[in-house]
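Colleague:
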Amino acid sequence: MKQINTLYCVKTFRSCCRSLLFLSCLLLPAFAGRAQNISLNWAKGIGSTDLIGSGTATVDGAGNVYTAGYFMGTTDFDPGPGTANLTANGIDMFLAKYDNNGNYLWAKKIGAASYNDQAYAIALDNAGNAYITGIFAATVDFDPGAGTANLVSNGASDIFIAKYDGAGNYVWARNIGGSDWDYGQSITLDNTGNVYVTGSFVDTAYFGATATANSVVSAGSTDVVLAKYDNNGNFIWGKAVGGSSSDDGQKVTTDAAGNVYVAGRYMLTADFDPGPGTANLVAGGATDIFLAKYSATGAYIWAKGIGGTGYDAPSDLIADAAGHLYTVGSFAGTVDFDPGTGTANLTSNSGLGDAYVAKYDTSGAYVWAKQAGPAGAANGANANAVVLGAGGDVYFTGNFNGTVDFDPGAGTANLTATSYKDIFVAKYNAAGNYLWAGRMGGIPISAASNCGGRTISRNTAGQVYVAGYFSGTVDFDPGPGNVNVEAAIGGSTFIMKLADGCPSYSTLTQTHCDSFSFHNVTYTTSGVYVDTLNSVFGCDSIVTLNLTINHSTVNPVITGAYCDSVTFNGVTYHTTGVYTQHYFSFNGCDSNKVYDVTIKGQSSSSQLDRNSCGPYVFNGTTYPSSGTFPVTLTNVQGCDSLVTLNLTVNPPPVATVIKTGSVLTVNNADAYQWINCADRSVIAGANSQTYTVTATGSYAAVITKNDCRDTSDCITVDVGTGIADLDAVNRLQFYPNPASAGIHILTQHPLRQATIRLSNVIGQVLQEQRGQSGSNFYLDIGAYAAGVYLVEVTEGDKASRRKIVKQ
Numbered sequence: 000m001k002q003i004n005t006l007y008c009v010k011t012f013r014s015c016c017r018s019l020l021f022l023s024c025l026l027l028p029a030f031a032g033r034a035q036n037i038s039l040n041w042a043k044g045i046g047s048t049d050l051i052g053s054g055t056a057t058v059d060g061a062g063n064v065y066t067a068g069y070f071m072g073t074t075d076f077d078p079g080p081g082t083a084n085l086t087a088n089g090i091d092m093f094l095a096k097y098d099n100n101g102n103y104l105w106a107k108k109i110g111a112a113s114y115n116d117q118a119y120a121i122a123l124d125n126a127g128n129a130y131i132t133g134i135f136a137a138t139v140d141f142d143p144g145a146g147t148a149n150l151v152s153n154g155a156s157d158i159f160i161a162k163y164d165g166a167g168n169y170v171w172a173r174n175i176g177g178s179d180w181d182y183g184q185s186i187t188l189d190n191t192g193n194v195y196v197t198g199s200f201v202d203t204a205y206f207g208a209t210a211t212a213n214s215v216v217s218a219g220s221t222d223v224v225l226a227k228y229d230n231n232g233n234f235i236w237g238k239a240v241g242g243s244s245s246d247d248g249q250k251v252t253t254d255a256a257g258n259v260y261v262a263g264r265y266m267l268t269a270d271f272d273p274g275p276g277t278a279n280l281v282a283g284g285a286t287d288i289f290l291a292k293y294s295a296t297g298a299y300i301w302a303k304g305i306g307g308t309g310y311d312a313p314s315d316l317i318a319d320a321a322g323h324l325y326t327v328g329s330f331a332g333t334v335d336f337d338p339g340t341g342t343a344n345l346t347s348n349s350g351l352g353d354a355y356v357a358k359y360d361t362s363g364a365y366v367w368a369k370q371a372g373p374a375g376a377a378n379g380a381n382a383n384a385v386v387l388g389a390g391g392d393v394y395f396t397g398n399f400n401g402t403v404d405f406d407p408g409a410g411t412a413n414l415t416a417t418s419y420k421d422i423f424v425a426k427y428n429a430a431g432n433y434l435w436a437g438r439m440g441g442i443p444i445s446a447a448s449n450c451g452g453r454t455i456s457r458n459t460a461g462q463v464y465v466a467g468y469f470s471g472t473v474d475f476d477p478g479p480g481n482v483n484v485e486a487a488i489g490g491s492t493f494i495m496k497l498a499d500g501c502p503s504y505s506t507l508t509q510t511h512c513d514s515f516s517f518h519n520v521t522y523t524t525s526g527v528y529v530d531t532l533n534s535v536f537g538c539d540s541i542v543t544l545n546l547t548i549n550h551s552t553v554n555p556v557i558t559g560a561y562c563d564s565v566t567f568n569g570v571t572y573h574t575t576g577v578y579t580q581h582y583f584s585f586n587g588c589d590s591n592k593v594y595d596v597t598i599k600g601q602s603s604s605s606q607l608d609r610n611s612c613g614p615y616v617f618n619g620t621t622y623p624s625s626g627t628f629p630v631t632l633t634n635v636q637g638c639d640s641l642v643t644l645n646l647t648v649n650p651p652p653v654a655t656v657i658k659t660g661s662v663l664t665v666n667n668a669d670a671y672q673w674i675n676c677a678d679r680s681v682i683a684g685a686n687s688q689t690y691t692v693t694a695t696g697s698y699a700a701v702i703t704k705n706d707c708r709d710t711s712d713c714i715t716v717d718v719g720t721g722i723a724d725l726d727a728v729n730r731l732q733f734y735p736n737p738a739s740a741g742i743h744i745l746t747q748h749p750l751r752q753a754t755i756r757l758s759n760v761i762g763q764v765l766q767e768q769r770g771q772s773g774s775n776f777y778l779d780i781g782a783y784a785a786g787v788y789l790v791e792v793t794e795g796d797k798a799s800r801r802k803i804v805k806q
């Protein structure tokens, strides 16, 4: 049968509807609307043998992607055919760079042995320098090159801020921290290159390696820290805000005027004025969201609280040129997203919380808030990152399970996760209206996959980059195609590049003979073909052509070598030759099949008669008994040769010699030969059943029966003294022989304190009966395998030996 291969092709067309396709463009439903969508440019996976966490990723003006995070074990940072392994000491951080096509450029490892060093956030300046923040412990060399740039943590873990150039070379590094656990969560730059970092700290945090005047003190368990450095790493100022419970800064951003915005979580009552004033916010639930604005000098401007009775948290924050704020995260229960006097309640659909995206103006006033979440107590959705596009469009990413309607308006835009957690990327316009949403997730055979978008960036050409984590096998194509990437054992991070167009999708199914022309391209093989073209509305349209080509031309010649004959489609060929069959196919196309036949030979049969004195081996098979057996062999022509084996298996004779004085008598057989046991030499003329010994020595008889031979035990005869053995003075009988269950031993005169032994042919004693008296004995041999055994009866210095056959 001919195998049909499925091809997946991508082509770009510069004009829309031509010739045949013109009508298709008008009729295909996908071309009838203006709904926007995304398409995948590429996706790359970076995996570890133990653990890898993607903290963050961003993109420069040339489309190069920088990513930072942490890993354990050994990780190959080259997602292509090459290898770029780094091996962590405990948990180490990494910084890596990839080009606009996702090709590996370089990767750096930073960390100390057996400690927990992690990068959580990254930012770039216009020169392509990378700035990262996170946590480190003990002493860490932040120079991944040949130099040394050690920072020593003040406590369990410190915040670090580090700068590297576009080649990954060390520029500078600073630390913030005290005696406890301190975390750097977010980093950003303003228009003049100043660096801002936010996170959380406990007790006292020092802005440097030693206790100096540059420090802040927390008001409670953990507080928010906000610090500013110039582009050379010089400390400018540091601030702390919070209350008596746990508060932390999650994201920091700036606007064109140099104002600084922080988003995070707080509990109970927290003061967000780092100066002498008071600006308390009171949480309404377990954790609430805060948004706070500070001047370029760190002075308090305003703070807003958002939350309900559950756990509510922001994941990202970004400001546009006018100072409008966009934040994403998750919430549970009912939350009023209007921090002012108005009410803007959203109620989560899911038990584990919904994703939200919200917009506020430069004074913190509510503009709009939208949610996306699945129904079900065990389901949830999280929005983890946000970026802005042209005209104030909002892109955000995260993860979800279940089915989520990403259209917050009257429409429906359902996406259904296929694994434990799937990735989503969505786009809303500046008014919060739905534009598109795409899903990337586990394929059906990898339903236990867990994946999510962690960060999102956008280049000047409008292409979107998403980074995050995944396990199992994930299809990263949000469209109808498949781009499957399999995670490493310890999990993987991913980077993917998406084209933000507005493709619509349609499917065309065609069946033709020989070939099919579609948009000036002629296809001659069956397959699934994907064409990308411009629709009548100026947006990309993707047409999937499901094409079946049934061939009417001559099929490939079927060549084979056969024995005797061969039958194709009811026709039998007995001789070598080339044969053509013509038929009308069920698919509507005439077809020819050509058979190049070689009759290499004929099968044969023969008969083989064999006699054997025991199990017979033929063609590698052992036959233990007589019978007629068919055996199939291969002759020199490669054809079957049937041999009928007629086998007669004769039981081997057992030679038993009886001594009467100097006369030796052996049991009845077809032929006899007496031998001298001293040198195993043949005694000339001694070919009778009896032999009279004329010289003292040891003698045995060789008997032949049914072409099978056996040699008796050696019998010692002393002609000079006439001393008799046990048989001579007490004639012994052994019967039956052969036997299957047991042997009876009869004596002419009773034995006293005799010993009866059973041995195998190699002399191993299998059974021994001592102290036997009487004239009738029984030896049980039923448990032993078929074969020849030796029975020895001894009384005093006299002995008698016999061979017996166990059937």
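Everything in the sequence shown is counted per numbering that gives the first Met the number 0, starting at 0 for the first residue and increasing by one.
Quick reminder that beta carbons are idealized off the backbone N, C-alpha and C, glycines included.
Assuming I175 and A129 form a contact by the criterion Cβ under 8 Å, report the distance between their Cβ atoms to the nearest whole angstrom.
Modeller: The residue labelled residue 175 in the question sits at position 176 within the sequence shown. The residue labelled residue 129 in the question sits at position 130 within the sequence shown. About 19 Å; that fails the 8 Å criterion.
Colleague: Ignoring anything shorter than 3 residues, give me the beta strand (DSSP E) runs that lie fully in the stretch 347 to 424, in order along the chain.
Modeller: Counting whole runs of 3 or more residues, the stretch 347 to 424 contains the beta strand (DSSP E) stretches 353 to 359, 365 to 371, 380 to 387, 393 to 399, 402 to 404, 413 to 415.
Colleague: With a cut-off of 8 Å on the beta carbons, I'd call A668 and T703 a contact; round off their distance for me.
Modeller: Numbered from its first residue, the sequence shown carries residue 668 at position 669. Numbered from its first residue, the sequence shown carries residue 703 at position 704. Right, their Cβ atoms sit about 6 Å apart.
Colleague: Short check: CB of I51 to CB of T396, under 8 Å?
Modeller: Against the sequence shown, residue 51 aligns to sequence position 52. Against the sequence shown, residue 396 aligns to sequence position 397. Not a contact, by the Cβ cut-off of 8 Å.
Colleague: Does DSSP put Y788 in a helix, in a strand, or in coil?
Modeller: Start at 1 with the first residue of the sequence shown, and residue 788 comes out as number 789. In the structure shown, Y788 sits in a strand (DSSP, three-state: E or B).
Colleague: Among G437, N428, A429, N413, whose alpha-carbon lies nearest the alpha-carbon of I422?
Modeller: Taking the sequence shown and counting its residues from 1, the one referred to as residue 422 is at position 423. Closest option to I422, Cα to Cα, is G437.
Colleague: Should D181 and I160 be called a contact, given that it needs their Cβ atoms to be closer than 8 Å?
Modeller: As a working note, residue 181 is residue 182 in the sequence shown. As a working note, residue 160 is residue 161 in the sequence shown. Contact: no.
Colleague: Threshold first: 3 residues or longer. Then list the beta strand (DSSP E) segments lying entirely within the stretch 46 to 73, N to C.
Modeller: Segments of the beta strand (DSSP E) lying fully in the stretch 46 to 73: 50 to 58, 64 to 71.
Colleague: Can you list, in chain order, the residues of its chain with a C-beta nearer than 7 Å to that of G167? Leave out the 5 residues immediately preceding and following it.
Modeller: By 1-based counting over the sequence shown, the position of residue 167 is 168. Closer than 7 Å at the Cβ level, and outside the excluded window around G167, lie L94, K96, W105, K107, P143.
Colleague: Is it the case that the Cβ atoms of G284 and G307 are separated by a distance below 8 Å?
Modeller: Your numbering for residue 284 matches position 285 in the sequence shown. Your numbering for residue 307 matches position 308 in the sequence shown. Yes, the Cβ-Cβ distance between G284 and G307 is below 8 Å.
Colleague: Going by C-alpha to C-alpha distance, which of H518, P80, V251, N736 sits closest to Y119?
Modeller: Here residue 119 refers to the residue found at position 120 when the sequence shown is read from its first residue. Closest option to Y119, Cα to Cα, is V251.
Colleague: Kindly indicate which three-state DSSP category K805 falls into: helix, strand or coil?
Modeller: Here the question's residue 805 lines up with position 806 in the sequence shown. Strand at K805.
Colleague: For K599, which residues does DSSP report across the bridge?
Modeller: Residue 599 sits at position 600 when you count from the first residue of the sequence shown. In the DSSP output, where bridge partners are listed per residue, K599 has none listed.
Colleague: Let me make sure I understand the geometry here. Which of D98, M71, D91 has the alpha-carbon closest to that of G79?
Modeller: Locating residue 79 in the sequence shown gives position 80, counting from the first residue. Of the listed residues, the one whose Cα sits closest to G79 is D98.
Colleague: Is L607 helix, strand or coil by DSSP?
Modeller: The sequence position of residue 607 within the sequence shown is 608, counting from 1. Of the three classes helix, strand and coil, the one that applies to L607 here is strand, per DSSP.
Colleague: Less than 8 Å separating the beta-carbons of L757 and V792?
Modeller: Counting from 1 along the sequence shown, the entry for residue 757 is found at position 758. Counting from 1 along the sequence shown, the entry for residue 792 is found at position 793. Going by C-beta atoms, L757 is not nearer than 8 Å to V792.
Colleague: Can you give the Cα-Cα distance for F21 and L546, rounded to whole angstroms?
Modeller: For the purposes of this step, residue 21 is taken as the residue at position 22 of the sequence shown. For the purposes of this step, residue 546 is taken as the residue at position 547 of the sequence shown. Since pLDDT at F21 reaches only 32, below the 50 mark, its modelled position is unreliable, and no value is offered.
Colleague: In whole angstroms, what separates the C-alpha of V804 from that of P614?
Modeller: The residue labelled residue 804 in the question sits at position 805 within the sequence shown. The residue labelled residue 614 in the question sits at position 615 within the sequence shown. The straight-line gap from Cα to Cα measures roughly 15 Å.
Colleague: Go to P313, then tell me how far its beta strand (DSSP E) extends in each direction, as first and last residue.
Modeller: Position 314 of the sequence shown, counted from the first residue, corresponds to residue 313. Element bounds for P313: 312 to 318.
Colleague: Count the other CB atoms within 10 Å of the CB of Q509; is the residue buried (16 or more) or exposed (fewer)?
Modeller: For the purposes of this step, residue 509 is taken as residue 510 along the sequence shown, with counting starting at 1. That one is exposed.
Colleague: Could you name the residues that DSSP lists as bridge partners for A155?
Modeller: By one-based count along the sequence shown, residue 155 stands at place 156. BP columns for A155 are empty, so no partner.
Colleague: Between V327 and A291, which are expected to be in contact by the criterion C-beta below 8 Å, what is the C-beta distance as a whole number of angstroms?
Modeller: Residue mapping note: residue 327 aligns to position 328 of the sequence shown, counting from 1. Residue mapping note: residue 291 aligns to position 292 of the sequence shown, counting from 1. Not a contact, Cβ separation roughly 17 Å.
Colleague: Suppose you measure from the CA of D709 to the CA of V665; what does that come to, to the nearest Å?
Modeller: In the sequence shown, residue 709 corresponds to position 710, counting from 1. In the sequence shown, residue 665 corresponds to position 666, counting from 1. D709 and V665: Cα-Cα distance of roughly 11 Å.
Colleague: For chain C, check one thing: does any of its Cβ atoms lie closer than 8 Å to the Cβ of S590?
Modeller: No chain C is present in this structure, which holds just one protein chain.
Colleague: Could you tell me which residues DSSP pairs with Y119 in its beta bridges?
Modeller: For the purposes of this step, residue 119 is identified with residue 120 of the sequence shown, where counting begins at 1. According to DSSP, Y119 bridges with nothing at all.
Colleague: Please look up how many angstroms separate the CB atoms of D254 and V223, rounded, as I've assumed it's under 8 Å.
Modeller: Taking the sequence shown and counting its residues from 1, one reaches residue 254 at position 255. Taking the sequence shown and counting its residues from 1, one reaches residue 223 at position 224. Contact flag wrong, Cβ pair sits at about 19 Å.
Colleague: Since I175 sits in a beta bridge, which residues does DSSP pair it with?
Modeller: In the sequence shown, counting from the first residue as 1, residue 175 sits at position 176. Per DSSP, I158.
Colleague: Of the choices A343, D75, S178, I598, whose alpha-carbon is the least far from that of V215?
Modeller: Position 216 of the sequence shown, counted from the start, is the residue given in the question as residue 215. For V215, the nearest C-alpha among the options comes from S178.
Colleague: Distance, Cα to Cα, R800 vs Q768?
Modeller: In the sequence shown, the residue the question calls residue 800 occupies position 801. In the sequence shown, the residue the question calls residue 768 occupies position 769. In a straight line, the C-alpha of R800 is about 15 Å away from that of Q768.
Colleague: Which one of N36, N40, G44 has the shortest CA to CA distance from V484?
Modeller: For the purposes of this step, residue 484 is taken as the residue at position 485 of the sequence shown. Among N36, N40, G44, the Cα nearest to that of V484 belongs to G44.
Colleague: Could you tell me which residues DSSP puts in a beta bridge with S199?
Modeller: As a position in the sequence shown, residue 199 is number 200, starting the count at 1. Its beta-bridge partners are Y182, V223.
Colleague: Do A487 and F469 have their CB atoms nearer than 8 Å?
Modeller: Taking the first residue of the sequence shown as position 1, residue 487 is located at position 488. Taking the first residue of the sequence shown as position 1, residue 469 is located at position 470. No, Cβ-Cβ distance for A487 and F469 is not below 8 Å.
Colleague: Nearest to H748 by CA position, among Y622, E794, T86, D712, is which residue?
Modeller: Mapped onto the sequence shown, residue 748 falls at position 749. Of the listed residues, the one whose Cα sits closest to H748 is E794.
Colleague: Where does D726 sit, in a helix, a strand or coil, going by DSSP?
Modeller: By one-based count along the sequence shown, residue 726 stands at place 727. In the structure shown, D726 sits in a helix (DSSP, three-state: H, G or I).
Colleague: Can you give me the C-alpha to C-alpha distance between V653 and S603, rounded to a whole angstrom?
Modeller: Reading the sequence shown from its first residue, position 654 is the one you call residue 653. Reading the sequence shown from its first residue, position 604 is the one you call residue 603. Approximately 41 Å between the Cα atoms of the pair.
Colleague: Rounding to the nearest angstrom, what Cα-Cα distance links A809 and T689 in this structure?
Modeller: Because the chain spans 0 through 806 in this model, residue 809 falls outside it and cannot be assessed.
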